[in-house]
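Reading through the structure tokens given below for one structure.
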Amino acid sequence: MRVRDQSARLRALDPAQSFIVQAPAGSGKTELLTQRILSLLAVVEQPEEILAITFTRKAAGEMRHRLLQALESASLPAPGADHARQTWELAGKVMARDGARGWNLLDTPSRLAIQTIDSFNAGLARRMPWLSRFGGVPRVTDDPQRLYREAARRVLARVGGERSGAHAGARVLAYLDNRQERLERLLVSMLQRRDQWLRHLAGRSVDQERRGLEGALAAFVEEILALSESLLPGPLWEQLAPLARYAASNLEAERPLRRLAAVTDRPGAGAEDLPLWQGLADLLLTAKGDLRRRLDKSCGFPPGKADTAAAMKAAMQDCLDSDAMPGLASWLHRLRSLPAPLYGEEQWSILQDLVELLGLAAGELWLVFTASGETDFAEVALRALAGLSDGDAPSELLLRLDAGIRHLLVDEFQDTSYLQFRLLETLTEGWSPGDGRSLFLVGDPMQSIYRFREAEVGLFLRARREGVGTVPLEALHLETNFRSSASLVDWFNASFASIFPRFEEITRGAVTYSPAFSFATGKGEGAVTILPRQGRDDAAEGEEVVALTREALGRGERVAILVRARSHLGNILPLLRGAGIDYLAQDVDLLAERPLVRDLVSLTHALLHTGDRLAWLSVLRAPWCGLLLSDLARLVEGRAAATLPELLADPGRLETLSADGRERAGRVFAVLQRGRRQRGRLGLRRLVEGCWLALGGPACYPGGELEDAEQFFALLQRLDRGGDLETLEALAEALQRLYAAPDGKASGQLQVMTIHKAKGLEFDTVIIPGLGRKPGKDDPPLLAWLELPATGLLLAPIPAPGGEGDPIYKTIRDLEAERQTLEVVRLLYVAATRARERLYLLGHCEFDATGSARPPAGSLLESLWPAVAASFATHDLKLPVEVAAPNQPPAQSELRRLPATWALPDFESLPLPTASPIRPASGDDQVLQTAGLARRHAGTVLHAMLERIARDGLAAWDLKRIEGLEEELRHRLQRLGVTGADLKEAVHRVQAGMRSAVSGLHGRRILRSWPDAGCEVGLAGPALAGVVDRTFVDESGVRWVVDYKTSEPPPGENPDAFFAAEVDRYRSQLACYAQLFQGLEPERKIRAGLYFPLSDIWREVPV
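All letters in the sequence shown, in the order written, are residues 2 to 1104 by my numbering.
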């Protein structure tokens, strides 16, 4: 069967041309990219001439995997499918060139330059440290918020002094009613997105700033006026002009229409023409934006029987009935609220102060980065871009890259940010058609849903119209959907064509719908099912979701439940668990919302702050203590000023408690007292974890939740500042980015996630509940700002409290709201197009005063309404279940707690296998004796990096990435105390072990993706506990237990004898691990071995 858009797919393989390809959902984008790279490899001199850029490691790994898979298949018989045969033929040409030129791509896949945009930027910054100003690239932190906050506080600390920014800060604080925390939040949020505004404001004088911002505002106004001008035909204006003059002459009160009293020429598209267009809107439209139905004296057409009045009314009615009027009316209503492109003096004064503070904040952030040895991705990108230019001339680095990179490919181009777009312009500066270089951009603007990550869909539209920099692009469009059934594709085409915008518009990010054609044959039945409901009933909707899920799983299908926000899963997840349906939930269960973690947060606060009464009360109420509310009340009654430790230390106060309460409180307080005495002497993790264990924490929660505790303790270890937290807010913020680990026992047949996380995935059945749920409302920002592809940066401060609404601020906010509404439509498209066979849509509607169904404002259903309104009108809508109020008070939930007499168990000794005599001065002990702690710490870091490689997947790691980790490894080792000459040797040792593991035969086998695999797996028996470095089940069903060893044979010693001795030395340890695994999997064969990553040596250990 021939693919409908085959000609476009073949055209995209021309290595001499540059293209921008729109690849809708299910159109085989990754395969096209693979074929494009293969076609380029068949003609280049060296593989490194091709650079492919993606936005995620997963995408980079998938592309590398597809390429290697294609190259490996070149030696196999030709496949039957046409598109697969095309890939096979291209791969054959590449392997022929590979053999002729000695590339050895299958043995050295690192020569395939496939990188994330972040790793590419980091590489640029490392290559030219004196231009990027980084020196060595600092470690990119996972928690930049604390660094932003530190920079903001440094700026605010200037207020009241004489340093620069002090007076500006004081004026801004006064403008905000001295709300310092609001100004701090503003600075933090702006620093987070400084890559968008910094280049517009840095290095400019006050006059230049004002001209630049007012120029951007004027350009924005003129872009909208140009569209309005195109919608106003000349003949229609000729009719309207005398009518406008007539109507304006009949009005006395000042209003926009009066501005047309002397108009003759049609209004132009200049910003100075805005008042005339607003006057025209006043003439034609009601206050709500509808075309006028009545013509009376209020709009300049007074009653009268004179021929002139009647003729004018009739002529005006003819104009209103014109076919061109509806399209013009919508635009005229939009421009009614457009501001004059000038700042008022008070507005500019406060904006100038804010701009000054932003510049200082950016400078302070650089100092914070330098002092901490950490940075964020935005700074790496900014410095990378700085390293490519030397004033107005290209830098030495850019010239070197320009000579090396001949072909540049970018995946998911619709998610490009302004900074990334500027990077592409810089990389391709000087390229021209026919010079042997090519740019290949692929993406789908209909799937642009990451505005919160600074993605700007308008850049895709702009590149398609104008090219990128000096490179013109030929636009190609894929139409075939290989994923979804014909019935689904027909529904997509009919539904989304009605809700996507009719016209493209770069400023608003308006994208039109492009229909697709299913490659599948046969229509199928019931592909889309809409399940409407009257009024919100989350519990009933959750039950419906569970029933649909059970049916789909019964059919053996892969199922996804997709929601707009995590909060929409509040009723669904407990119901799934109650029904015994396991699921994979990626980044859904926020760790901070788990009871175990809430209890651990309270314990941490209590140990660090004696006066935190809420934390101490929570600790006493937690299941390891479980004081009754009556005992808690008696403990604190009448002593509001006393701390809980003071009350717990008071024998008289304890006597007021019940006997059970006294015993519980006494046991817990004794543990906390011991812990408080160790504060500052122990690391924070050790302090909190030790108290938790002593209190009996692990006995209070299901075993499956203990992984959450481990995540929390690891977080404490990262945030530890000398046994304390930098701030309590730092812990709270970090917890908002941590999620409970997915259920390791779940099969993956059912996955639950947000729509954003589902991008790029596909499932047999997709269920989308909560369509009628409204999103949460955000507080208005202190600074409204927006960068637009065609016009630049719009910026306005929030009006002063109690002041009048500012038109520029309102315009920016309204435009942001429009852009968000358009992205919601695209979000729905992404969600629906994940389905292969079935799609279920669940939502509730409301009813207005006339009894008509309507969607809740701001909901997904509101955007989808034109496509599904008929279903809500024709169905018998299900009503929310009303539960009668009980006559008696609700039953108290059972208090879960340990027995009052609980104590740590006594462990009996367990006879263990006798270890072989320890060989002196060998292996890891030899490392400690001869080279000190530096090598031991290098081994610790190497273990952590091997775990990271295994979790990411080998496809995401190559030698270039390992070389790029030098600074991160340096910082890790420094934190462990490695310094001086030992530091360089330790970094080299870790990198050597990583290189050996990812390229060696044994390392690649151990680290590859295996079923039921794990890293750093904790094991515990009656009297034995341990951590296994790596375990997996191989192709024959054998469970392997692997222990990493970073020892090496000493100079002059026989390697075989050395490794044999290591096997003898660790046999008993591995035998114990194998014994523990055998207890967990009695039917499975267990084998074990030692892996020496520095030598890529593997030795099986008989157990």
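Note that CB positions come from ideal geometry on N, CA and C, so glycine has one too.
May I ask you to list the residues that DSSP assigns as paired with residue i?
i, result
"Trp-1041", "Phe-1033 and Arg-1088"
"Pro-533", "Gly-844"
"Tyr-740", "Leu-591"
"Glu-1101", "Gly-1090"
"Met-754", "Leu-563"
"Val-141", "Thr-376"
"Phe-518", "Thr-481"
In chain order, what residues of the same chain lie with their CB nearer than 7 Å to the CB of residue i, ignoring the 5 residues before and after it?
i, result
"Val-264", "Ala-242, Ala-245, Arg-246 and Leu-277"
"Leu-1071", "Val-1042, Asp-1044, Ala-1089, Val-1102 and Val-1104"
"Glu-480", "Arg-5, Asp-6, Ala-517 and Phe-518"
"Ala-13", "Phe-20, Val-22, Leu-33, Arg-37 and Leu-477"
"Gln-240", "Ala-316 and Cys-320"
With a CB to CB cut of under 6 Å and the five nearest residues on each side skipped, what residues in its chain are close to residue i?
i, result
"Ala-935", "Val-979, Asp-983 and Ala-987"
"Gly-510", "Val-458, Gly-459, Arg-820 and Leu-823"
"Gly-612", "Thr-644"
"Leu-366", "Ala-152 and Leu-192"
Taking the alpha-carbon of residue i as reference, which of the options has the nearest alpha-carbon?
i, options, result
"Ala-854", "Trp-866, Leu-861 and Leu-843", "Trp-866"
"Ala-53", "Val-45, Ser-40, Ile-118 and Ser-19", "Ile-118"
"Gly-280", "Ala-634, Ser-748, Ser-250 and Arg-294", "Ser-250"
"Phe-1093", "Pro-1051, Glu-1084, Gly-994 and Ala-372", "Gly-994"
"Phe-670", "Gly-627, Asn-122 and Pro-699", "Gly-627"
"Trp-786", "Asp-780, Ile-799, Lys-775 and Ala-871", "Ile-799"
"Arg-1009", "Gly-62, Arg-12 and Pro-25", "Gly-62"
"Thr-471", "Thr-429, Ser-439 and Gly-437", "Thr-429"
"Arg-466", "Ile-507, Asn-494, Glu-347 and Phe-497", "Ile-507"
"Gly-374", "Leu-970, Arg-1031 and Val-1028", "Leu-970"
"Asp-779", "Gly-773, Gln-750, Arg-67 and Gly-859", "Gly-859"
"Gly-1136", "Ile-562, Gly-555 and Arg-898", "With the chain covering 2 to 1104 only, the question about residue 1136 has no answer from this structure."
"Lys-289", "Leu-783, Val-222, Arg-337 and Asn-572", "Arg-337"
"Ala-586", "Leu-732, Lys-758 and Leu-601", "Lys-758"
Distance check for residue j and residue i, CA to CA, integer angstroms please.
i, j, result
"Ala-217", "Gly-793", "5 Å"
"Pro-921", "Leu-1091", "Because Pro-921 carries a pLDDT of 36, less than 50, the predicted location of this residue cannot be relied on, and no value is offered for it."
"Leu-177", "Ala-801", "7 Å"
"Ala-580", "Tyr-740", "23 Å"
"Gly-100", "Glu-1036", "32 Å"
"Leu-386", "Asp-765", "43 Å"
"Arg-3", "Phe-483", "12 Å"
"Arg-1100", "Asp-1057", "10 Å"
"Ser-133", "Asn-122", "For Ser-133, the predicted structure reports a pLDDT of 45, less than 50, and the residue's modelled location is therefore unreliable. A value from the coordinates is still provided. Ser-133 and Asn-122: Cα-Cα distance of roughly 11 Å."
"Ala-566", "Asp-590", "12 Å"
"Gly-213", "Ala-262", "33 Å"
"Ala-282", "Asp-208", "34 Å"
"Arg-937", "Trp-625", "37 Å"
"Gln-674", "Gly-667", "10 Å"
"Val-767", "Leu-554", "12 Å"
"Pro-891", "Arg-898", "At Pro-891 the pLDDT is 48, less than 50, meaning the model places this residue with poor confidence; the figure from the coordinates comes in the next sentence. Answer to the nearest angstrom: the Cα atoms are 21 Å apart."
"Leu-237", "Asp-491", "40 Å"
Roughly how far, in whole angstroms, is the beta-carbon of residue i from the beta-carbon of residue j, given that I think they are within contact range, below 8 Å?
i, j, result
"His-972", "Asp-1097", "Incorrect: roughly 27 Å between the Cβ atoms, too far for contact."
"Leu-828", "Gly-844", "Actually they do not touch by this definition, with Cβ atoms about 14 Å apart."
"Ala-330", "Leu-285", "6 Å"
"Arg-614", "Leu-645", "6 Å"
"Ala-43", "Val-95", "5 Å"
"Arg-599", "Asp-709", "With 8 Å as the limit, Arg-599 and Asp-709 do not qualify as a contact, their Cβ atoms being about 11 Å apart."
"Leu-618", "Leu-630", "Actually they are not in contact, since the Cβ atoms of Leu-618 and Leu-630 sit about 10 Å apart, beyond 8 Å."
"Glu-1082", "Arg-1040", "6 Å"
"Gly-165", "Leu-361", "The displayed chain sequence assigns Ser, not Gly, to residue 165. Going by Cβ atoms, the distance from Ser-165 to Leu-361 rounds to 7 Å, so yes, they are a contact pair."
"Val-999", "Ile-950", "6 Å"
Within the same chain, show all residues whose beta-carbon is closer than 8 Å to that of residue i, passing over the 5 residues directly before and after it, in chain order.
i, result
"Ser-8", "none"
"Asp-1", "Because the chain is modelled from 2 through 1104, residue 1 falls outside the range shown and cannot be assessed."
Is residue i near the ligand COA, with its Cβ less than 7 Å from a heavy atom?
i, result
"Glu-664", "The ligand COA is not part of the structure shown, which contains no ligands of any sort."
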